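Comments concern the structure below.
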Amino acid sequence: MGVLSSIIEAFNDIEVRLKFVMFNNDIIVAAEVPGMNTDRRNLVPEKLHPNIVHMQARLLSDYLELITYCQRILENVGSPDTVRFEESCKMVLSYIWHETPALIPVPEDIFIDIHRELSLQRYMISQPYR
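Each number in my numbering comes from the position in the sequence shown (counting from 1) with 176 added on.
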């Protein structure tokens, strides 16, 4: 398997694992946001089971390792996408650990955003290999 294939496979694995954690372990619960329209909600984490915390930590570790490797590749080839790649990664990281309140009502909407960002990251890292 080539370098690019391995990287793409790693991104795919991250996406599958993140989807599993989001949809099968209730890591995100909706809570009312004071002053907001009642049909919009702010997603906040509930207290997590230790196994879920471990899964998140492992997911974070693997994702950080992957994006660090990709960032080095983009920097080494002088890619114009380096800054955008970093911004996209920060967004996904914030969803993994819920550092940023997401004004999105359901996990499906959040996952669409995550999928979009991971797809963008796959695209940007594939450019030096074309």
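Beta carbons: idealized from backbone N, C-alpha and C, even for Gly.
Quantities reported herein were computed from a predicted structural model and do not represent experimental measurements.
DSSP three-state assignment for residue i, whether helix, strand or coil
i: ARG292; result: helix
i: VAL192; result: helix
i: ARG298; result: helix
i: ASP215; result: Its pLDDT being 45, under 50, ASP215 is placed unreliably in this model, and the value from its coordinates should be taken loosely. Coil, per DSSP.
Residue i burial status per 10 Å Cβ neighbour count (16 or more: buried)
i: GLU284; result: exposed
i: GLU191; result: buried
Candidates the options: closest to residue i by CA position
i: LYS266; options: ILE184, ASN227 and GLN297; result: GLN297
i: LEU250; options: PHE187, HIS230, ARG193 and SER302; result: SER302
i: PHE261; options: TYR245, ILE228 and TRP273; result: TYR245
i: TYR271; options: SER255, GLN247 and TYR239; result: TYR239
i: THR258; options: PRO304, PHE187, SER237 and ILE290; result: PRO304
i: LEU194; options: GLY178, MET300, ILE286 and VAL253; result: ILE286
Entirely enclosed alpha helix (DSSP H) segments - the region 235 to 286, minimum 4 residues: 258 to 273
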